[in-house]
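K.L.:
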Amino acid sequence: MHDDHRPYARFTSKANLDKSVNSLLGIIEGIAIDGRINELELSYLNLWVSEHQEVRFLHPFNELIPVVERSISDGELDREEREDIRWLCERLQSREFYDAVSADLQRLHAILGGIIADTRISEDELRGLSDWLADHEHLKTCWPFDEIQSLVTGVLVDGRIDEEEHEMLGAFFADFTSLLDDRTITSAPIKDGGAIMGLCATDPDVVFDQRGFCFTGASAKFSRQELEAMVTRLGGVAHASPSKKVHYVVVGGEGNPYWAFACYGRKIEKAVKLRKEGHRVVIIHELDFHDAVADGS
Numbered sequence: 001m002h003d004d005h006r007p008y009a010r011f012t013s014k015a016n017l018d019k020s021v022n023s024l025l026g027i028i029e030g031i032a033i034d035g036r037i038n039e040l041e042l043s044y045l046n047l048w049v050s051e052h053q054e055v056r057f058l059h060p061f062n063e064l065i066p067v068v069e070r071s072i073s074d075g076e077l078d079r080e081e082r083e084d085i086r087w088l089c090e091r092l093q094s095r096e097f098y099d100a101v102s103a104d105l106q107r108l109h110a111i112l113g114g115i116i117a118d119t120r121i122s123e124d125e126l127r128g129l130s131d132w133l134a135d136h137e138h139l140k141t142c143w144p145f146d147e148i149q150s151l152v153t154g155v156l157v158d159g160r161i162d163e164e165e166h167e168m169l170g171a172f173f174a175d176f177t178s179l180l181d182d183r184t185i186t187s188a189p190i191k192d193g194g195a196i197m198g199l200c201a202t203d204p205d206v207v208f209d210q211r212g213f214c215f216t217g218a219s220a221k222f223s224r225q226e227l228e229a230m231v232t233r234l235g236g237v238a239h240a241s242p243s244k245k246v247h248y249v250v251v252g253g254e255g256n257p258y259w260a261f262a263c264y265g266r267k268i269e270k271a272v273k274l275r276k277e278g279h280r281v282v283i284i285h286e287l288d289f290h291d292a293v294a295d296g297s
């Protein structure tokens with residue numbers, strides 16, 4: 001092994017990855033076990049970050065480290081932040097990261113790209129996609145498999161693709177398979193009741209007065225506290241996590257198309273679940289939020 005590769009191997013073998021992620025989980029649980037976290041305990045968590053700096057740009061540490069650093073940047077680690085880290089650790093543990101699920105979800109992205117490559121989607125292509133989905137039922141409950149399957153089934157119910165459906169499918173496949181920006185998380189449509197709509201709403205009508213807002217993901221320009229202060233100033237209420245009291249979930253503009261899980265996160269997963277249960281939760285991109293703030297100021 002080349003000497004330059006030894007630091008990476010120390011963390012990225014299957015066994016060592018398990019150990020690193022499980023250690024982070026244990027630290028989070030240990031320092032919060034009494035319900036309080038002090039400066040020394042945060043310093044201990046920072047030791048984990050420091051030990052992994054040399055691999056911070058390798059997956060999955062390129063997902064974990066920014067989330068941990070952002071969570072403790074204010075010198076605190078609240079319950080929601082701990083849940084975010086725990087959720088991400090559980091998704092990135094080797095039993096998920098190295099199994100067929102991750103590989104097959106990546107294949108699904110590529111399949112959608114291949115179908116739309118010639119800008120036309122045929123019934124035969126959709127039937128072939130439907131057959132592939134049927135052969136990969138182990139992906140059920142893994143976002144966005146269920147949404148894709150529901151969409152394809154709905155379009156094929158009458159055995160043909162009309163122009164409106166073709167336009168919708170084209171927008172879906174093209175947005176979802178974008179490789180060079182963050183549209184995978186900010187524009188990927190999902191099934192919401194009887195309609196297809198984007199994960200992030202297009203040109204949303206944002207009302208602040210007596211409305212609940214929740215923020216997820218990183219913003220390039222503002223801290224979480226600054227974003228929440230904007231909501232409060234305009235008559236809204238900031239919440240730490242999506243719930244029945246939340247009307248809008250705002251997705252931060254700083255994304256990474258190479259992330260496997262951190263690109264959408266626990267709060268988006270929870271918001272989608274609330275929408276499927278019939279609660280009106282609008283997921284909006286940070287840019288639309290700032291436009292609404294400017295209009296309301």
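Oh and the sequence shown: position 154 is 154 in UniProt numbering, straight run, nothing missing.
Every residue gets a Cβ at the ideal spot worked out from N, C-alpha and C, and that includes glycine.
(1) For the segment 240-248 against the segment 278-285, do three or more pairs of beta-carbon atoms, one drawn from each stretch, fall closer than 8 Å, so that the two count as touching?
(2) Going along the chain, which residues of its own chain have a beta-carbon closer than 7 Å to the beta-carbon of D104, five neighbours each way excluded?
(3) Does F172 come out as helix, strand or coil in the three-state DSSP assignment?
(4) In the DSSP assignment, what are the bridge partners of G212?
(5) Assuming contact is defined by CB atoms lying nearer than 9 Å, are T216 and K267 in contact in what I supplied?
(6) Whole angstroms are fine: how far does the CA of D158 sit from the CA of R120?
(7) Verify whether the separation of the beta carbon atoms of I116 and G170 is less than 9 Å.
(8) So, at 6 Å on beta carbons, what are the nonlocal neighbours of A32 in its own chain, with the 5 sequence-adjacent residues on each side left out?
(9) Assuming I37 and L64 are in contact, meaning their beta carbons sit under 8 Å apart, how far apart are those beta carbons, in whole angstroms?
(10) Measuring alpha carbon to alpha carbon, tell me which of A271, L129, G252 and E29 ends up nearest R70.
(11) Measure the beta-carbon distance from A292 to V206 and round it to whole angstroms, keeping in mind my assumption that it falls under 8 Å.
(12) Enumerate in chain order the residues of its own chain whose CB-to-CB distance from E286 is below 7 Å, with the five nearest sequence positions on each side excluded.
(13) Assuming H52 is part of the alpha helix (DSSP H), what are its boundary residues?
(14) Check I111 in the structure and name its three-state DSSP category.
(15) Looking only at its own chain, which residues have a Cβ that is under 6 Å from the Cβ of Q149, when we skip the five neighbours before and after it?
(16) Between the Cα of G212 and the Cα atoms of E163, L234, A201 and L25, which residue gives the shortest distance?
(17) On a CA-only basis, which of D203, P242 and E125 is nearest H166? Give me that one, please.
(18) Go through its chain and collect everything with a Cβ distance to E164's Cβ below 6 Å, but skip five positions before and after it.
(19) Near K270, what residues of its chain come up, given a Cβ to Cβ distance below 6 Å and the 5 sequence neighbours on each side ignored?
(20) Looking only at C-alpha atoms, which of S130, F173, S122 and D162 sits nearest to T153?
(21) Could you say which of E147, G26 and E80 lies nearest to F172 if we only look at CA atoms?
P.N.:
Taking the geometry as given:
(1) yes
(2) H136 and L139
(3) helix
(4) V237
(5) yes
(6) 19 Å
(7) yes
(8) R82
(9) Contact doesn't hold; Cβ gap of about 18 Å is too wide.
(10) G252
(11) 4 Å
(12) S219, V250, V251, G252 and G253
(13) No alpha helix (DSSP H) contains H52, which DSSP labels as neither H nor E.
(14) helix
(15) L133
(16) L234
(17) E125
(18) none
(19) P242
(20) S130
(21) E147
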